[in-house]
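Position one of the first sequence corresponds to residue 52 (the numbering used here), numbered consecutively onward.
Note that beta-carbon positions come from the ideal geometry of N, C-alpha and C, so glycine has one too.
As the structure is a computational prediction, the values presented were derived from the model and not from experiment.
All remarks here apply to the structure that follows.
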Amino acid sequence: MSTITVGLPDGRTLEVPAGATVLDVAREIGEGLARAALAGRIAGELVDLRQPLLGDVSKLEIVTSRDPDGADVIRHSAEHVMADAVKRLFPEAQVDVGRADHSEKFQYDFKVAEPFSPEDLEKIEAQVRKIVKEKSPFAREEVSREDARALFAELGEELKLSRLDDIPEGAPITLFRHGEFVDLCRGPHVQNAKQIGAVKLLEAAGAYWRGDESNPMLQRIYGTAFATKQELQEHLERIEEAKKRDHRRVGPQLELFHLDPLSPGSPFFLPKGMVLYNGLVDFVKALYPKYGYHEVMAPQLFRADIYKTSGHYQNFHDDMFWFAGADEGEELGVKGMNCPGHCRIFSVKKRSYRELPLRLAEFSRLHRNERSGTLTGLARVRSFAQDDAHIYCEHDQVETEIHRFFEMMTEVYTALGLEGVEINLETRPEQGFIGEPADWEVGERQLEAAVRSAGYDCGVNPGEAAFYGPKIACDFRDVLGRSWTLGTLQIDMAMPGRFGLRYIGRDGQEHQPAMLHRAVLGSIERFLAVYIEHTGGDFPLWLAPVQVALLPITDRHAEYAGKVRDALEAAGIRVSLDDRSEKLGFKIREAELQKIPIMAVLGDQEQEQGTVTPRVRSDESRGGEGVSVDTFVSDLAEQVARRQVTPGSA
RNA sequence: GCCGACGUAGCUCAGCUGGUAGAGCAACGCAUUCGUAAUGCGUAGGUCGCCGGUUCGACUCCGGCCGUCGGCUCCA
52 MSTITVGLPD GRTLEVPAGA TVLDVAREIG EGLARAALAG RIAGELVDLR QPLLGDVSKL
112 EIVTSRDPDG ADVIRHSAEH VMADAVKRLF PEAQVDVGRA DHSEKFQYDF KVAEPFSPED
172 LEKIEAQVRK IVKEKSPFAR EEVSREDARA LFAELGEELK LSRLDDIPEG APITLFRHGE
232 FVDLCRGPHV QNAKQIGAVK LLEAAGAYWR GDESNPMLQR IYGTAFATKQ ELQEHLERIE
292 EAKKRDHRRV GPQLELFHLD PLSPGSPFFL PKGMVLYNGL VDFVKALYPK YGYHEVMAPQ
352 LFRADIYKTS GHYQNFHDDM FWFAGADEGE ELGVKGMNCP GHCRIFSVKK RSYRELPLRL
412 AEFSRLHRNE RSGTLTGLAR VRSFAQDDAH IYCEHDQVET EIHRFFEMMT EVYTALGLEG
472 VEINLETRPE QGFIGEPADW EVGERQLEAA VRSAGYDCGV NPGEAAFYGP KIACDFRDVL
532 GRSWTLGTLQ IDMAMPGRFG LRYIGRDGQE HQPAMLHRAV LGSIERFLAV YIEHTGGDFP
592 LWLAPVQVAL LPITDRHAEY AGKVRDALEA AGIRVSLDDR SEKLGFKIRE AELQKIPIMA
652 VLGDQEQEQG TVTPRVRSDE SRGGEGVSVD TFVSDLAEQV ARRQVTPGSA
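Put into structure tokens, the structure is as follows:
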């Protein structure tokens, strides 16, 4: 009998018979490890414990619950147990598929006559616990396509038969069983259900069959699982903690904005929110001279013709706001995007290569008739503005322009202290795209190269780009882990042609310019949503709606406090003076809850010496030395001017 | 738009199986003049999301609509 060599993480090697399983190797290492084993890992890929090893393995790791990947295996197995529970309680339910990514939760889709109620979920969860207690072992089988088809046909699992057809010819078909339940699955899975320590079903929701709106809706159940009850509990508490930073909660608390049912999807910005809003816009505008942008303003309303030219009329008619003009038959569209207007601006005169790159920027309010179910706080709205710009340039300037964009983006995100960007390349959709696939590939390569040379990792979302060109999306996650695109850079292969844009080149001939769409913040509204959650409302000093809270200790210090306020305001600092007859502790608590970055206490001592005693939120300083009013004011003004991210002690 | 849940005072929430509403915080008033996260007392505040139905009687039960939340789809 032939043997194979298996390398272990500690450098040792084992000789085992060919065909030995991962679990056999674990047993060789130790019985305790074998009992704890959840899966194996070879070259970074998880493999099932029952997988036979047919050749030498340079490194085989045994994954237990102590391994970060262990919980993924547990969740994946909990997923099967949940489907088993559903089948036991609802035998007529048909099983579709589970989730690909088990890093946080699991899910399964079911075809059932009635949606699951919250009570159903409780019953299913109870059933899941019961199955876990049964400790039934998971079994792995490799079967032929015919056997698999016969099995699922007999079980009446029509959705599975359809999924079976997705598996490419020649690929192995594996089944996993535990108890009565069987499903098409690659694994890996736990040894037995008891290894699933703690399971919680999170919610039920509708989901279209194969993600297609024209298909019937299945019922999806989400859940999560951990090796122990304690880990599950901690996970649920972390989620609750994160929800406290939700911008929909923090925004109204800090009086930044208001969302009103009388205009769904159109936020009201309150005075403090407006300071933030303008602060962001002014910041970007201030960078425009450096990066060579010219700000323009195109109309809010256009005749339908411009959108027919741009293609938006055909592609997005239902998602725009339309109404009749004063003249018979005149159809007007409310601006939902800036690009058509900028193309018109490009065409106002004969353009020369000497003018390129021409970078046109606009902050106009845009309106899109988003479907009601998609609206989400400030993150997805019907009324918004972008720090939008379109770059018209020669084709050989595209690469430099992409680099300049990332330079600017990095400068902005750094100044704001915004971390956690995930940059993704969105590539050509399967269908409905314009232009030549070869041109798409050139653009996609240019974009990806620019991302990497700017020092970022670059993910890929295949087929996600808009029809007119490849796209870079700067994505951030909200407190619930949902991804939102802020900055974008897109190459437009349609608009220059549709609008007949031309410039006279160095060679005296007419040429069509290249066109880029780009935004650093993206929608200011969405940016604020993400930014509020990332900062928890602790904005950098230069952006904070109220920068300093003056806290006089008693009424007799109010006059002095008024003078300090005047000095700060004269230096452009945003100040609030809390002259209510409350105790200092109360005033401090309020200022803390309002996340005001700097407090200044004013009492007898300060009044006599012409000082203030600062208390800085970010550095925990409490009741330290007083500083003179002049120093206080000039230090703060200097920090604001530098747009320092974290306020130091004044 | 689709599936589900939810909607009570400015906010957070209570209100058993139908008998027309309550707390804390906030607001306002008075007292207090206070040194680094809540001073005390008092006052006011609600067409129980909207419309309709059942009932002697609806915050409570039923239906429709609107909105919000989670998910799906969409996202120029």
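message = Give me the residue from Thr-115, Ser-504 and Ala-692 with the minimum Cα distance to Leu-594.
response = Ala-692
ask   = Near Arg-528, what residues of its chain come up, given a Cβ to Cβ distance below 7 Å and the 5 sequence neighbours on each side ignored?
value = Result list for Arg-528: Gly-471 and Ser-534, in chain order.
inquiry  = Starting from Tyr-364, trace the alpha helix (DSSP H) in both directions and tell me its first and last residue.
reply    = 363-367
inquiry  = Give me the residue from Pro-188, Ala-293, Val-148 and Asp-147 with the minimum Cα distance to Arg-86.
reply    = Residue Pro-188 is the option with its Cα nearest to Arg-86.
ask   = Would His-309 pass as a contact of Ile-583 if the rule is Cβ separation under 9 Å?
value = no
task = Kindly provide the ranges of any beta strand (DSSP E) runs that are 3 or more residues long and lie completely inside the region 294-351, ordered along the chain.
result = none
message = Nearest by alpha-carbon distance to Gly-483: which of His-345, Ala-545 and Ser-423 is it?
response = Ala-545
Own chain residues within Cβ distance below 8 Å of Thr-72, not counting five before or after = Around Thr-72: Leu-100, Arg-101, Gln-102, Pro-103 and Leu-104.
message = Between which residues of its own chain and Leu-572 is the CB-CB distance below 8 Å, once the five residues before and five after are set aside?
response = Counting only Cβ-Cβ distances below 8 Å, and skipping sequence neighbours, we find Leu-331, Val-335, Gln-437, Asp-438, Val-463, Leu-537, Gly-538 and Phe-578.
query = Who are the Cβ neighbours of Glu-306 in its own chain at under 7 Å, not counting the five residues just before and after it?
reply = Leu-321 and Lys-323
ask   = Whose C-alpha, out of Gly-302, Gly-343 and His-454, is nearest the C-alpha of Leu-327?
value = Of the candidates Gly-302, Gly-343 and His-454, the one whose C-alpha sits nearest the C-alpha of Leu-327 is Gly-302.
key: Nearest-angstrom Cβ-Cβ length linking Glu-413 and Met-348, presumed shorter than 8 Å   = That belief holds up - the Cβ atoms of Glu-413 and Met-348 are roughly 6 Å apart, short of 8 Å.
task = For Glu-450, I'd like the list of residues in its chain whose CB is within less than 6 Å of its CB, leaving aside the five on either flank, ordered along the chain.
result = Gln-497
inquiry  = Taking a contact to mean a Cβ-Cβ separation below 9 Å, would you say Glu-576 touches Phe-435 in this structure?
reply    = yes
key: Length at least 3, wholly inside the region 61-90: the beta strand (DSSP E) runs in chain order   = As far as the region 61-90 is concerned, its whole beta strand (DSSP E) runs of at least 3 residues are 64-68.
task = Quick one: measure Cβ to Cβ for His-441 and Leu-540, integer angstroms, because I've assumed they're closer than 8 Å.
result = Not quite, the Cβ-Cβ distance comes to about 11 Å (not below 8 Å), so this is no contact.
query = First and last residue of the beta strand (DSSP E) that includes Gly-538?
reply = Where Gly-538 is concerned, the enclosing beta strand (DSSP E) stretches over 534-543.
task = Name the residue from Leu-602, Asp-447 and Asn-243 whose alpha carbon lies nearest to the alpha carbon of Glu-185.
result = Asn-243
ask   = Which of the three DSSP states, helix, strand or coil, is assigned to Pro-119?
value = coil
task = May I ask you to report which of helix, strand or coil DSSP gives Ser-700?
result = Reliability fails at Ser-700, whose pLDDT of 43 lies under 50, so the model's placement of it is uncertain and the value that follows must be treated cautiously. In the structure shown, Ser-700 sits in coil (DSSP, three-state: anything other than H, G, I, E or B).
ask   = Between which two residues does the beta strand (DSSP E) containing Met-371 stretch?
value = Segment: none, Met-371 is in no beta strand (DSSP E) and carries neither H nor E.
Beta bridge counterpart(s) of Cys-525 as assigned by DSSP = Ile-474
task = Measure from the alpha carbon of Leu-592 to the alpha carbon of each residue in Ala-612, Gly-424, Asp-617 and Ala-688, then state which is nearest.
result = Ala-688
query = Would you report the Cα separation of Leu-209 and Val-250, rounded to the nearest angstrom?
reply = Reading off the sequence shown, one finds Glu at residue 209, where the question assumed Leu. Taking the straight line joining both Cα atoms gives about 28 Å.
ask   = When the distance is taken between beta carbons, is Ile-182 closer than 9 Å to Gly-230?
value = yes
inquiry  = In the DSSP assignment, the beta strand (DSSP E) including Tyr-464 goes from what residue to what residue?
reply    = Following the DSSP letters along the chain, one finds Tyr-464 in no beta strand (DSSP E) but inside the alpha helix (DSSP H) bounded by residues 449-467.
message = Let me confirm a value: Arg-433 is counted as buried when at least 16 other C-beta atoms fall within 10 Å, else exposed. Which label applies?
response = Counting Cβ neighbours within 10 Å, Arg-433 comes out buried, since at least 16 surround it.
key: CA nearest to the CA of Val-194, picked from Phe-227, Ala-505 and Arg-455   = Phe-227
query = Three or more beta-carbon pairs under 8 Å between the region 614-629 and the region 360-367, yes or no?
reply = no
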